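Working notes, structure below.
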Amino acid sequence: MLQTFSQDDHAVRAQASLKSIRSRWPGLEGAYVRQVGGGSAVLIGTFSGPTDPRAKQQLDHVKQIVDGRTRPFALAMLTRFETNPGALGQFDLRRARERFPNQNPLYSVQVAVWSDLGSGELSLADVKQRAESYCKQLRTRGIEAYVFHDGGTKTSSVCVGVFGKDAYDPRSTLYSAEVEAVFRRFPKHLVNGEPLMLPFDKSDPSKLRAQPPTLVEVPK
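In this text, residue positions in the sequence shown follow this note's numbering: the first is 2, and each later residue adds one.
So, in structure tokens, the structure goes:
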């Protein structure tokens, strides 16, 4: 794991950082973004486990990268993510990569997520079922919706649409017209079926507004 972002706009920050990393260091062109808990992380490599010799080699390499007088990835570390065994479901988000195998990066817009949130009230099966149900609801309305079950964070997200590298321009900080259309159609990011309300005025924490959906990279 090279970097993590936890701000409200973590997805945008992570994508901007990813583009910079890929352009500045040719050896890191394979870096990618993954949602981690409530934020985003920039990662490099996929390994069988911590004892995989390639993992240590990659970690040593990124830690030695020098930028001026600093080592930007000196705190890089190995991170474990659970895989999702079995065949992909009909509307699994990863199927988008089967349709666009040569498109990199490949994005979608996350409009909802389900999680136990540490409450012990929802089983993992419940989390998956509710996300899949919402995905199917959107599909019946003619909306290109997908679901993704993340075994590492034990969350299930619902995403809409598939977009290529033009989805976001880090220089202008503008999204493509197609992505903006999804934002307008789904202005509120749902958490367990309800809009996530966040404070936006530091002088008055009681003022809240709904968190918008986020652009995410399609998992590999």
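Glycine included, each C-beta is placed from N, C-alpha and C at the ideal position.
Given the structure is predicted, the values throughout are model-derived calculations rather than measurements.
| Query | Result |
| --- | --- |
| Residue range of the unbroken beta strand (DSSP E) whose run includes H150 | A146 to D151 |
| Distance between D205 and R96 (C-alpha atoms, nearest Å) | 44 Å |
| N- and C-terminal bounds of the beta strand (DSSP E) containing V163 | T156 to F164 |
| Close-in-space but distant-in-sequence residues of the same chain around P86 (CB under 6 Å, 5 per side omitted) | Its pLDDT being 45, under 50, P86 is placed unreliably by the model, and nothing is read from it. |
| Opening and closing residue of the beta strand (DSSP E) in which L197 lies | From DSSP, L197 is part of no beta strand (DSSP E); its letter is neither H nor E. |
| Selected residue, minimal CA-CA separation from Y176, among V217, D9 and A75 | V217 |
| Boundaries of the beta strand (DSSP E) in which E122 is found, first to last residue | Run containing E122: none; DSSP gives neither H nor E here. |
| Continuous alpha helix (DSSP H) stretch holding A97: start and end | R96 to R100 |
| Endpoints, the alpha helix (DSSP H) within which Q16 is located | H11 to R25 |
| From H190, Y169, V114 and Q65, residue whose alpha carbon lies closest to that of S18 | Y169 |
| Three-state class that DSSP yields for A113 in the structure shown | strand |
| Span separating the alpha-carbon of S7 from that of S41 | 7 Å |
| Cβ pair count under 8 Å reaching 3, the segment 119-134 against the segment 62-81 | no |
| Outcome for M2 when other beta-carbon atoms lying within 10 angstroms are tallied against a minimum of 16 | buried |
| T215 classed as buried or exposed, judged by whether at least 16 other C-beta atoms fall within 10 angstroms | buried |
| Buried versus exposed, by CB contacts within 10 Å (16 or more), P51 | exposed |
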